[in-house]
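In the numbering used here, the protein residues as written are 1366 to 1664.
Here the structure comes first, spelled out in structure tokens, and everything after it is commentary.
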């Protein structure tokens, strides 16, 4: 008698998500600022998993209202999934509300030691990229649950697995290229099918090349550059782990949002000189710059 087919399997994965830093104990101020920021691009945050960091408050007696905080974030469309950089008491309260505990990314000072800012753990397992400054800071990090990109599934035989933005809030697979051998540069992830609204593609540790249309509502994420040899009508986030030299190239620039190393720009209306034309996006002194392909930089 043949053994029963396995009903499940556990797999390691690195999932891109936002890290929401709590930097004030004034929850009213925090909520007002987060609501205002999310209101600038509500669709961008829909069904997005969020980890909550208390690095700035872990040495205080502050105990967040985790139930109220999670309810607030869900009202804005986000999916709070865990906590990090918190004190034992803060972590215990978060676990009681069903949040996961992610490994700390800042070193906790022993009790009774001199006060001072917490220092990042070395080496950093998840470099953050600031999206906005100030209280209620949102950072795009890869709050990871251990990384083994080669294990991401490809059930359809295509060069990648396309996961919907909603599914990304749980445990959906992310499109990744094969893992490189020692000393070998990871090959670019190439997508030759239309990326439809609600789908998200992540090129882990490499560039992303798309040969078909990227529909409005779709999302491209890459740790390296993003090349779209077709109309780009969705969102494109290059340099997702902090590579400020990353760029976005499109044969027809019609994007909703572009981001380089966490610095993003919402494009309610693409400039007339660029709309529907070949263009590139890069970072210049922490500011998003958009130029026609072939244009010379002035600085």
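Ideal Cβ placement from N, Cα and C applies to all residues, glycine included.
Item, Value
"Please determine, among 1427, 1426, 1448, 1424, the residue with the shortest C-alpha to C-alpha distance to residue 1435.", "1448"
"Looking at C-alpha atoms only, which residue of 1441, 1412, 1406, 1656 is the closest neighbour of residue 1396?", "1441"
"Within its chain, find whatever has a CB closer than 6 Å to the CB of residue 1654; leave out the 5 residues flanking it on each side and keep chain order.", "1647"
"Give me the Cβ distance between residue 1604 and residue 1582, rounded to the nearest whole Å; I'm assuming they're in contact under 8 Å.", "Not quite, the Cβ-Cβ distance comes to about 22 Å (not below 8 Å), so this is no contact."
"To which residues does DSSP link residue 1572 through a beta bridge?", "DSSP output for residue 1572 lists no bridge partner at all."
"I'd like to know if the stretch 1400-1407 and the stretch 1418-1433 are in contact, where contact means that at least 3 CB-CB pairs between them fall below 8 Å.", "no"
"Taking the C-alpha atoms as reference points, what is the distance between residue 1630 and residue 1389?", "26 Å"
"Going by DSSP in three states, residue 1545 sits in which element: helix, strand or coil?", "Residue placement at residue 1545 cannot be trusted, given a pLDDT of 49 that sits under 50; what the coordinates show is reported in the next sentence. In the structure shown, residue 1545 sits in coil (DSSP, three-state: anything other than H, G, I, E or B)."
"Near residue 1591, which residues of its chain fall below 6 Å by C-beta distance, leaving aside the five closest residues on each side in sequence?", "1573, 1585, 1601, 1603, 1613"
"Report the three-state DSSP secondary structure of residue 1641 (helix, strand or coil).", "coil"
"Taking the Cβ atom as the reference point for each residue, do residue 1620 and residue 1632 lie within a distance shorter than 7 Å?", "yes"
"Considering only the alpha carbon of each residue, which of 1642, 1651, 1637, 1569 lies closest to residue 1609?", "1651"
"Could you check where the beta strand (DSSP E) with residue 1445 kicks off and where it finishes?", "1444-1449"
"Where do the N-terminal and C-terminal ends of the alpha helix (DSSP H) with residue 1617 fall, by residue?", "Premise fails: residue 1617 lies in the beta strand (DSSP E), 1613-1618, not in any alpha helix (DSSP H)."
"Apart from the five residues on each side of it in sequence, which residues of its chain come closer than 6 Å, Cβ to Cβ, to residue 1617?", "1596, 1641"
"So what's residue 1408 in DSSP terms, helix, strand or just coil?", "helix"
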